[in-house]
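In UniProt numbering, the protein residues as written are 1 to 377. I have placed the structure first, in the form of structure tokens, so that the comments after it can refer back to it.
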């Protein structure tokens, strides 16, 4: 049963309608003044999302700790304790959390890397922090994500609220990792999300001993999730591997430890845009990179070099295709050709997510499963 966190925004799960809890406990010992204060001081917190983002724990751990420790009184009201933040990673408190229906460990007996990874959280910017929620009989880990600051982030909040509630949350084709609670302090909204261990780039790396079959089914789910967003006129605009999370690793090349397949989730809608149903297709356009170019740091599709409006849905396809082509060649001509097609310099020549899904699905259906029980090149 999927865990949920009691709130007005109840997660009914991608395939379940249960509502329980998911969140987190622990942190480096905070200053006494913060511990005993009844509420945070807004003046000690960042005034915008970019400032919060660049308070990167891999750059200045003391600044990162100071910002998040300031919010301890807020977290305490919700039974949350932050994980201990170290340089480059955060450390889980002693003892594993209860199952929440999202995070699973591999059933692999030998060299089970997930047992080590579950104890660490590797945040790559200042907007996120791992935490633990405890109540009698239940312990849950989660990720806290700053969504709004001042007037920023409200499109992100609106989109993730929609995708985390029914009817969207009840549909199996919706692969969005749901927000299970909201924490509010003045103008700041922090989303609470289930915690998973691996992103798609890690899960499909050849060192993880996943077969071509294992990774193809991950990619099928990813395309299904993208197609769902695009059908609902939502473009993500940051669809790189690190924004896809995988429940667990099959590792079928090492040992056949499970007959089920891990679910793939899409995260981080900070750059997403949504268009109304009555909008004209020709008006569903964007201009410029999601962030100023000097801090953007992502590969840029060719149409953005022209300083003209572009289709964000075609941009999504190019972004995902870029990582597929650079990190996940399969050695299968039909599949690898699709990866090439996804990054065409002509946006209108790129397959849609639905078309890409259909092409892979048809190929997998018409090929014996044993053909895919190989390693990627």
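Just so it is clear, CB atoms sit at the ideal spot from N, CA and C, and this is done for glycine as well. These numbers come from a predicted model, not from an experiment.
Quiz item: If you scan the stretch 215 to 257 from start to end, which runs of the alpha helix (DSSP H) of 4 or more residues do you find wholly inside it?
Solution: Counting only runs of 4 or more, we get nothing.
Quiz item: Cβ of residue 102 within 9 Å of Cβ of residue 194?
Solution: The answer is yes: Cβ separation under 9 Å.
Quiz item: Counting pairs of Cβ atoms below 8 Å between the stretch 184 to 203 and the stretch 245 to 260, do you hit three or more?
Solution: They touch, by the three-pair rule.
Quiz item: Looking at the structure shown, is residue 262 part of a helix, part of a strand, or coil, going by DSSP?
Solution: Taken through DSSP and simplified to helix, strand or coil, residue 262 comes out as coil.
Self-check item: For residue 329 and residue 377, believed in contact at Cβ under 8 Å, the rounded distance
Solution: Residue 377 to residue 329, Cβ: 6 Å. Contact.
Exercise. Take residue 340 as the anchor and find which of 354, 322, 357, 362 has the nearest alpha-carbon.
Key: Cα-wise, what sits closest to residue 340 is 322.
Quiz item: Quick one, are the C-beta atoms of residue 284 and residue 302 less than 9 Å apart?
Solution: In this structure, residue 284 sits away from residue 302, with a CB-CB distance that is not shorter than 9 Å.
Quiz item: Just to confirm, are residue 58 and residue 112 a CB contact at a threshold of 9 Å?
Solution: Result no, Cβ atoms of residue 58 and residue 112 do not sit closer than 9 Å.
Quiz item: Rounded C-beta distance between residue 209 and residue 276? I'm assuming under 8 Å.
Solution: A Cβ-Cβ separation of about 46 Å leaves residue 209 out of contact with residue 276 under the 8 Å criterion.
Quiz item: When DSSP labels each residue in this structure, what does residue 164 get in the three-state scheme?
Solution: Helix.
Quiz prompt | Rounded distance between the beta-carbons of residue 156 and residue 291, thought under 8 Å | solution = Contact between residue 291 and residue 156 is absent: CB atoms are separated by about 13 Å, not below the 8 Å threshold.
Quiz item: If you draw a straight line from the alpha carbon of residue 252 to that of residue 107, how long is it in whole angstroms?
Solution: Taking the straight line joining both Cα atoms gives about 11 Å.
Quiz item: Would you report the Cα separation of residue 296 and residue 142, rounded to the nearest angstrom?
Solution: Distance between the alpha carbons of residue 296 and residue 142 is about 27 Å.
Quiz item: Hey, residue 286 and residue 258: beta-carbon distance below 9 Å or not?
Solution: No. Outside cutoff.
Quiz prompt | Unbroken alpha helix (DSSP H) run spanning residue 297, endpoints | solution = In the DSSP assignment, residue 297 falls outside any alpha helix (DSSP H) and carries neither an H nor an E.
Quiz prompt | Endpoints, alpha helix (DSSP H) assigned at residue 323 | solution = Its alpha helix (DSSP H) spans residues 312 to 327.
Exercise. Quick one: residues in its chain with C-beta nearer than 6 Å to the C-beta of residue 217, no 5 flanking neighbours on either side, listed in chain order?
Key: Here the set comprises 261.
Quiz item: Is the beta carbon of residue 171 sitting closer than 9 Å to the one on residue 228?
Solution: A contact, by the Cβ cut-off of 9 Å.
Quiz item: Can you name the start and end residues of the beta strand (DSSP E) that residue 193 belongs to?
Solution: The continuous beta strand (DSSP E) containing residue 193 extends over residues 188 to 194.
Quiz item: Between the beta-carbon of residue 342 and the beta-carbon of residue 318, is there less than 9 Å?
Solution: Yes. Within cutoff.
Quiz item: In terms of residue numbering, what span does the alpha helix (DSSP H) encompassing residue 145 cover?
Solution: Where residue 145 is concerned, there is no enclosing alpha helix (DSSP H), although the beta strand (DSSP E) it sits in stretches over 138 to 148.
Exercise. Enumerate in chain order the residues of its own chain whose CB-to-CB distance from residue 168 is below 7 Å, with the five nearest sequence positions on each side excluded.
Key: Counting only Cβ-Cβ distances below 7 Å, and skipping sequence neighbours, we find 162, 174.
Quiz item: Hey, out of 294, 326, 72, 139, whose CA is closest to residue 240's CA?
Solution: Each of 294, 326, 72, 139 was checked against the Cα of residue 240, and the nearest Cα belongs to 326.
Quiz item: For residue 273, which of 289, 352, 265, 324 has the nearest alpha-carbon?
Solution: Ranked by how close their Cα comes to the Cα of residue 273, the residues 289, 352, 265, 324 have 289 in first place.
Quiz item: With distances taken from CA atoms, which of 153, 250, 300 is nearest residue 215?
Solution: Relative to the Cα of residue 215, the nearest Cα in the group 153, 250, 300 belongs to 250.
Exercise. Name the one or two DSSP bridge partners that residue 90 has.
Key: Answer by DSSP bridge pairing, in chain order: 85, 121.
Quiz prompt | Of the listed residues 153, 120, 79, nearest to residue 132 (C-alpha basis) | solution = Ranking the options by Cα distance to residue 132, first place goes to 79.
Quiz item: Can residue 147 and residue 191 be called in contact, C-beta distance under 9 Å?
Solution: Cβ atoms of residue 147 and residue 191: closer than 9 Å.
Exercise. Select from 76, 230, 49, 94 the residue whose C-alpha is nearest the C-alpha of residue 355.
Key: Out of 76, 230, 49, 94, 230 has the C-alpha closest to the C-alpha of residue 355.
Quiz item: Run through DSSP, which three-state label would residue 182 get?
Solution: In the three-state scheme derived from DSSP, where H, G and I count as helix and E and B as strand, residue 182 is classed as strand.
Exercise. Taking 9 Å as the cut-off, decide whether the C-beta atoms of residue 135 and residue 187 are in contact.
Key: No. Outside cutoff.
Exercise. Could you tell me if residue 97 is buried or exposed, where buried requires 16 or more neighbouring beta carbons within 10 angstroms of its beta carbon?
Key: It is buried - the Cβ of residue 97 has at least 16 other Cβ atoms within 10 Å.
Exercise. May I ask you to report which of helix, strand or coil DSSP gives residue 375?
Key: In the three-state reduction of the DSSP assignment, residue 375 falls in the coil class, being assigned neither a helical nor a strand state.
Exercise. Return the chain-ordered list of same chain residues with a C-beta closer than 6 Å to the C-beta of residue 359, the five sequence neighbours on each side being excluded.
Key: 338.
Practice problem: Return helix, strand or coil for residue 307, following the three-state DSSP convention. | Solution: Of the three classes helix, strand and coil, the one that applies to residue 307 here is coil, per DSSP.
Quiz item: Looking at the unbroken beta strand (DSSP E) that takes in residue 354, where does it start and where does it end?
Solution: Counting along the chain, no beta strand (DSSP E) covers residue 354; the unbroken alpha helix (DSSP H) around it starts and ends at 353 to 365.
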